[in-house]
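Remarks on the structure that follows.
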Amino acid sequence: MDNYLDIDGFKKLHPEICKGFALAREYAKEGTWMEPGFKFDDMSYTLNWKPIYKAFAEYQALPDNDPIKVHGAELFPKDFKDYKQRNLFTRYLKGVLGANDPYIYYFLWEEGNWDIRNAERKPTDEQKYFPGVVKWVEDLVKKNVITRIGRVIFFHCEHDGKAFEHRDLDGSKGTEQGFSPHNNEFIHIRYRTKRGFYIWDPEVKQKHYVNSCASFWNDQDWHGGEISNEQEYGLRIDCKFSDRFKEEIGIAHLEHY
Numbered sequence: 153m154d155n156y157l158d159i160d161g162f163k164k165l166h167p168e169i170c171k172g173f174a175l176a177r178e179y180a181k182e183g184t185w186m187e188p189g190f191k192f193d194d195m196s197y198t199l200n201w202k203p204i205y206k207a208f209a210e211y212q213a214l215p216d217n218d219p220i221k222v223h224g225a226e227l228f229p230k231d232f233k234d235y236k237q238r239n240l241f242t243r244y245l246k247g248v249l250g251a252n253d254p255y256i257y258y259f260l261w262e263e264g265n266w267d268i269r270n271a272e273r274k275p276t277d278e279q280k281y282f283p284g285v286v287k288w289v290e291d292l293v294k295k296n297v298i299t300r301i302g303r304v305i306f307f308h309c310e311h312d313g314k315a316f317e318h319r320d321l322d323g324s325k326g327t328e329q330g331f332s333p334h335n336n337e338f339i340h341i342r343y344r345t346k347r348g349f350y351i352w353d354p355e356v357k358q359k360h361y362v363n364s365c366a367s368f369w370n371d372q373d374w375h376g377g378e379i380s381n382e383q384e385y386g387l388r389i390d391c392k393f394s395d396r397f398k399e400e401i402g403i404a405h406l407e408h409y
């Protein structure tokens, strides 16, 4: 999708984005707590590390007098919707039980309901640290690329972190494995393509690498990234594509995507 968007303009925002990550750190949400609805059988590799939800289940199963449980009680969130409380406990699980999740998340438009990602959202407080990015996203509406801004999120991955291979499912509509008719519209932006990002096809056992900065795919398909020895980030803009843009990128004739 690079030919249809101002990728050069986005790349120039890299210093601002990195400064924003540093200044907005208090707003960042750490790790993914949700247990996935899909089975791991079709992944391209064997899961050999412990996601947060598995570490949490291990913690919950400990007897109350276990030292891990005793010390953890001081950090256990009173309200799991409070991301600051959740962040503290996430750090504890990473240290004491080896939970592995290299991601932190910065939302520029509100998180909202993950099953309705492109519904219109309100701006967040951390927007003020990314003014150039906010303008870049808003310009997509002015240029008739999109007609509505939904959830907008930075995925920030620590160095030596592996982008967890997964599928994004619609839990409200899916079959057992989550395949369902849908029209998820979004733009995924990377400022560089140094780290391998791919769509995995389990039927033919092949990774299809995305060699562009801007992309869009069926997010019910498996996707993931290779390990990088540098910090990496991507911006996902959930949105409503304009009719013109759908024609340009060749999906206007499709019923579902």
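Sequential numbering of the sequence shown, starting at 153, is according to this note's numbering. For each residue, glycine too, the CB sits at the ideal point set by N, CA and C.
Distance, residue j Cα to residue i Cα
{"i": "D312", "j": "G284", "result": "28 angstroms"}
{"i": "Q237", "j": "K230", "result": "8 angstroms"}
{"i": "K314", "j": "F349", "result": "11 angstroms"}
{"i": "N296", "j": "Y409", "result": "20 angstroms"}
{"i": "I339", "j": "V304", "result": "10 angstroms"}
{"i": "L217", "j": "Y244", "result": "In the sequence on display, residue 217 carries Asn and not Leu. The straight-line gap from Cα to Cα measures roughly 17 angstroms."}
{"i": "N336", "j": "H223", "result": "43 angstroms"}
{"i": "H318", "j": "W201", "result": "14 angstroms"}
{"i": "Q358", "j": "Y197", "result": "12 angstroms"}
{"i": "P215", "j": "W374", "result": "37 angstroms"}
{"i": "E382", "j": "P167", "result": "15 angstroms"}
{"i": "T184", "j": "G161", "result": "30 angstroms"}
{"i": "A213", "j": "D267", "result": "30 angstroms"}
{"i": "N265", "j": "H334", "result": "16 angstroms"}
{"i": "D234", "j": "E187", "result": "19 angstroms"}
{"i": "K287", "j": "G386", "result": "17 angstroms"}
{"i": "P203", "j": "F192", "result": "13 angstroms"}
{"i": "D158", "j": "A225", "result": "49 angstroms"}
{"i": "K294", "j": "A209", "result": "47 angstroms"}
{"i": "E178", "j": "Y255", "result": "15 angstroms"}
{"i": "I379", "j": "T345", "result": "13 angstroms"}
{"i": "F331", "j": "S367", "result": "21 angstroms"}
{"i": "K164", "j": "V356", "result": "38 angstroms"}
{"i": "I396", "j": "I351", "result": "First, the amino acid is wrong: residue 396 is Arg here, not Ile. Rounded to the nearest angstrom, the two C-alpha atoms are 26 angstroms apart."}
{"i": "F232", "j": "W369", "result": "31 angstroms"}
Sub-8 angstroms separation of residue i and residue j beta-carbons
{"i": "K221", "j": "Y211", "result": "yes"}
{"i": "I298", "j": "S394", "result": "yes"}
{"i": "V289", "j": "I389", "result": "yes"}
{"i": "T276", "j": "F259", "result": "yes"}
{"i": "C365", "j": "I341", "result": "yes"}
{"i": "E263", "j": "A176", "result": "no"}
{"i": "K274", "j": "W261", "result": "yes"}
{"i": "Y281", "j": "G172", "result": "yes"}
{"i": "F190", "j": "L321", "result": "yes"}
{"i": "A306", "j": "Y257", "result": "At residue 306 the sequence reads Phe, which differs from the Ala that was named. It is a contact, given that the beta carbons lie within the stated cut-off."}
Exposed unless 16 or more other CB atoms sit within 10 angstroms - verdict on residue i
{"i": "E182", "result": "buried"}
{"i": "D253", "result": "buried"}
{"i": "L199", "result": "exposed"}
{"i": "L406", "result": "exposed"}
{"i": "Y156", "result": "exposed"}
{"i": "V362", "result": "buried"}
{"i": "P219", "result": "exposed"}
{"i": "I169", "result": "buried"}
{"i": "E384", "result": "buried"}
Whole-angstrom C-beta distance between residue j and residue i, which should lie under 8 angstroms
{"i": "N270", "j": "K392", "result": "6 angstroms"}
{"i": "H360", "j": "D353", "result": "7 angstroms"}
{"i": "A180", "j": "A251", "result": "Their Cβ separation, rounded to whole angstroms, is 17 angstroms, which puts A180 and A251 out of contact at 8 angstroms."}
{"i": "M153", "j": "I401", "result": "6 angstroms"}
{"i": "G377", "j": "R347", "result": "6 angstroms"}
{"i": "L240", "j": "L227", "result": "5 angstroms"}
Residues bridged to residue i [DSSP beta-bridge criterion]
{"i": "H311", "result": "According to DSSP, which records beta bridges pairwise, H311 is partnered with nothing at all."}
{"i": "S367", "result": "H340"}
{"i": "P333", "result": "For P333, which the question treats as bridged, DSSP gives no partner whatsoever."}
{"i": "H223", "result": "Per DSSP, none; premise fails for H223."}
{"i": "H360", "result": "I351"}
{"i": "F306", "result": "Y258, L387"}
{"i": "E182", "result": "I256"}
{"i": "W374", "result": "W352"}
{"i": "F228", "result": "DSSP, once it has assigned bridges, lists no residue as partnering F228."}
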